[in-house]
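Chemist: Start counting the sequence shown at 1; every next residue gets the next number (full-length UniProt numbering).
Note that CB positions come from ideal geometry on N, CA and C, so glycine has one too.
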Amino acid sequence: MKRIELQVNYDDEGLNALLFTAQGDMRQALNNLQCTVTAYNYVSSENVLKVCDEPHPQLMANMLTLCAQQNVKEAAQIIHDFYRMGYSPEDIISNMFRVSKTVSLPEYVKMEFMKEIGLCHMRISEGLSSLLQLSGLVAKLCAVETK
Numbered sequence: 001m002k003r004i005e006l007q008v009n010y011d012d013e014g015l016n017a018l019l020f021t022a023q024g025d026m027r028q029a030l031n032n033l034q035c036t037v038t039a040y041n042y043v044s045s046e047n048v049l050k051v052c053d054e055p056h057p058q059l060m061a062n063m064l065t066l067c068a069q070q071n072v073k074e075a076a077q078i079i080h081d082f083y084r085m086g087y088s089p090e091d092i093i094s095n096m097f098r099v100s101k102t103v104s105l106p107e108y109v110k111m112e113f114m115k116e117i118g119l120c121h122m123r124i125s126e127g128l129s130s131l132l133q134l135s136g137l138v139a140k141l142c143a144v145e146t147k
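#1: To the nearest angstrom, how far is it from the Cα of L49 to the Cα of T21?
#2: Hey, how far is the Cα of Q32 from the Cα of K110?
#3: Which word fits A143, buried or exposed, when buried means at least 16 other C-beta atoms lie within 10 angstroms of its C-beta?
#4: Of the choices E145, N47, L141, whose alpha-carbon is the least far from that of K73?
#5: I'd like to confirm the pairing. Which residues does DSSP put opposite Y10 in its beta bridges?
#6: Got a sec, what are the start and stop residues for the alpha helix (DSSP H) D81 sits in?
#7: Assign G14 to buried or exposed, taking buried as 16 or more other Cβ atoms, counted over all protein chains shown, within 10 Å of its Cβ.
#8: According to DSSP, simplified to helix, strand and coil, what is E116?
#9: My output table needs one value for Y108: the three-state DSSP class, helix, strand or coil.
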């Protein structure tokens with residue numbers, strides 16, 4: 001078996017971003033890696049997320065933390081920014097669900113968040129795909145009892 005070795009420059013955050021965007025699919029991870037190397041010659045978190053065109057997971061984690069702190073205004077601002085950047089409600093809600101599994105919050109809060117995100121995802125999948133759905137979700141997440 002022949003093997004090709006490329007000297008690819010990368011950092012650990014870039015590899016983590018590849019894992020996040022691939023969602024467990026090795027073919028997708030390799031495609032994302034190839035596209036990132038072709039475009040930037042360096043695999044960093046920012047470069048991978050630009051190539052894969054996904055909402056930034058750290059911003060999403062910040063938004064969920066703001067919801068846990070019941071800071072509706074700032075949490076809604078982040079969601080509105082994602083929407084204005086051109087991300088579809090489907091992309092935003094899918095990314096939010098994946099990030100909610102790993103965000104640094106108490107387990108029962110994460111479970112409540114995932115329940116509300118899942119219900120909103122269902123409504124969006126049924127065709128009610130709008131910023132209003134996402135804003136309503138932020139309000140519901142901010143209303144979750146965190147104590």
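Modeler: Based on what the coordinates show:
#1: Translated into the one-based positions of the sequence shown, residue 49 becomes position 49. Translated into the one-based positions of the sequence shown, residue 21 becomes position 21. Rounded to whole angstroms, L49 to T21 spans 8 Å at the Cα level.
#2: Position 32 of the sequence shown, counting from 1, holds the residue named residue 32. Position 110 of the sequence shown, counting from 1, holds the residue named residue 110. The question names Gln, but residue 32 is Asn in the sequence shown. Near 29 Å, if we compare the C-alpha coordinates of K110 and N32.
#3: Against the sequence shown, residue 143 aligns to sequence position 143. It counts as exposed.
#4: For this step, residue 73 is matched to residue 73 along the sequence shown. The residue with the shortest Cα to Cα distance from K73 is L141.
#5: The residue given as residue 10 occupies position 10 in the sequence shown. Per DSSP, V43.
#6: In the sequence shown, counting from the first residue as 1, residue 81 sits at position 81. Looking at the DSSP string, the run of the alpha helix (DSSP H) that includes D81 is 72-84.
#7: As a first step, residue 14 is located in the sequence shown; it is residue number 14 there, counting from the start. When all chains shown are included, G14 counts as buried.
#8: Taking the first residue of the sequence shown as position 1, residue 116 is located at position 116. Looking at E116 - three-state DSSP - the assignment turns out to be helix.
#9: For this step, residue 108 is matched to residue 108 along the sequence shown. Here Y108 sits in helix by DSSP.
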